[in-house]
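Asks:
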Amino acid sequence: MNKNIFKFILLCTFFLFSCENKKTSKKSNLTHANAGVVISFDDTNINEWYHANKILREYSWKATFCVSKINTLSHSEIKKLKQLQKEGHEIAGHGFHHFDAPKFVAKNGIDAYIQQEINPMLALMLFYNFKVTSFAYPFGFRNADIDQALLKKFKIIRGTTYGAQDPFFQNCYYNNSRVVYGIGIDTDHPNFSIPYLVRLLDYAKQKHKILVLFGHKPVLKVTANYQTKMETLKLICNYVKQHNMTFYSLSELNNLK
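In UniProt numbering, the protein residues as written are 1 to 257.
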């Protein structure tokens, strides 16, 4: 009798272990309907975003513009953001004051952060008829507790990732999580280079992944930090079109299974 019970327990253990392995394998090999790219921009460079859209429109591109300090924008800048939204781009949140979230929360608490950084931003953006469902952390600084609070208000939240390791080990691809990590395409972003960017794009195409990118100010000629060269954006858009990939917005990631 004891021998039969032992066999039964062993069989159940093997079955459960096999099911768990299948679940883990399925998540680690996650694929999507089509490989693609999320191009996002941070801060308040509205005029430069608007100009970039005129240049990149020929690629039928799509971008997510993460706006901070919306209370400081002019009427003209608000109109340009509305036009970008009308053309299918996403307007996302990037903070009312552009606080360093973990630093602010450590000093003032999560409730104060929501009341001062998030709620006023959402209220004013709603007033301007912007449909805000995603958020990018200023500086990319975040932690799990703040994530948990913000996921009650947004479909997707974006942090940042760094390094130039093999794309297999990079964290800049959508992984079926509502917390995603973008890698920078500003010329001064640590480890940025065109060859490495192409490697990331190649991996996305070959493995049916979605690469998440972020920049700040698109320019024809780089003159300062936090600037993304237009040639870099053209390269990305060309790659996406030539390889039949898809442009995604941040919020669209939440609709993928």
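Glycine is no exception: its CB is placed at the ideal position from the N, C-alpha and C atoms.
1) Y174 to F139, Cα distance in whole Å?
2) Checking 8 Å against the spacing of the C-beta atoms, do V240 and G36 come in under that value?
3) Sorted by chain position, which residues of the same chain lie with C-beta nearer than 8 Å to T228's C-beta, five sequence neighbours on each side aside?
4) Which two residues bound the contiguous beta strand (DSSP E) that contains K229?
5) Taking 6 Å as the limit between beta carbons, can you name the residues of its chain near W61, skipping five residues before and five after?
6) Does the distance from the C-beta atom of H98 to that of S74 stay below 8 Å?
7) Around the Cβ of D232, are there at least 16 other Cβ atoms within 10 angstroms (buried) or fewer (exposed)?
8) Using a Cβ distance threshold of 8 Å, determine whether the segment 107-115 contacts the segment 166-180, with at least three qualifying pairs required.
9) Can you check the segment 51-79 for any beta strand (DSSP E) of at least 3 residues that lies completely inside it and give the ranges in chain order?
10) Starting from D42, trace the alpha helix (DSSP H) both ways and give me its first and last residue.
11) Answer yes or no: do A101 and V132 have a C-beta to C-beta separation smaller than 8 Å?
12) Quick check on L151: does DSSP put it in helix, strand or coil?
13) Is the CB-CB distance between L213 and A204 below 8 Å?
14) Do A101 and the ligand ZN come close, with the Cβ less than 7 Å from some heavy atom?
15) Take R57 as the anchor and find which of A106, T161, K234 has the nearest alpha-carbon.
16) Looking at the secondary structure, which residues open and close the beta strand (DSSP E) in which R158 lies?
17) Just how far apart, CA to CA, sit M230 and L126?
18) Using DSSP bridges, identify the partner residues of Y181.
19) For my contact list, Q116 and F96 are in at a C-beta cut-off of 8 Å; report their separation, rounded to the angstrom.
20) Between the alpha carbons of Y59 and N45, how many angstroms are there, rounded?
21) Would you decide whether I194 is buried or exposed? Buried here means 16 or more other CB atoms lie within 10 Å of its CB.
22) Out of V222, D147, T161, point me to the one whose CA is closest to R178's CA.
23) Find the nearest neighbour of Q85 within the set A149, L197, F130, L256, judged by alpha-carbon distance.
24) In whole angstroms, what separates the C-alpha of F168 from that of A123?
25) From what residue to what residue does the beta strand (DSSP E) around residue 258 run?
Replies: Taking the geometry as given:
1) 19 Å
2) yes
3) Correct list, in chain order: F41, I185, D186, T187, G215, H216, K217, P218, V219.
4) Segment 227-229, the beta strand (DSSP E) holding K229.
5) C237, F247
6) no
7) Looking at the sequence itself, residue 232 is Thr, so the reference to Asp does not match. Burial call: buried.
8) no
9) 64-67
10) Boundaries for D42: no alpha helix (DSSP H) harbours it, while the beta strand (DSSP E) harbouring it runs 36-43, taken from the DSSP string.
11) no
12) In the structure shown, L151 sits in coil (DSSP, three-state: anything other than H, G, I, E or B).
13) Not closer than 8 Å, so no.
14) This structure does not include the ligand ZN; it has no bound ligands of any sort.
15) Cα-wise, what sits closest to R57 is K234.
16) 156-161
17) 31 Å
18) G159
19) Confirmed, about 7 Å.
20) Y59 and N45: Cα-Cα distance of roughly 21 Å.
21) exposed
22) D147
23) Cα-wise, what sits closest to Q85 is F130.
24) 40 Å
25) The structure shown does not extend to residue 258, since the chain is modelled only from 1 through 257, so no value can be given for it.
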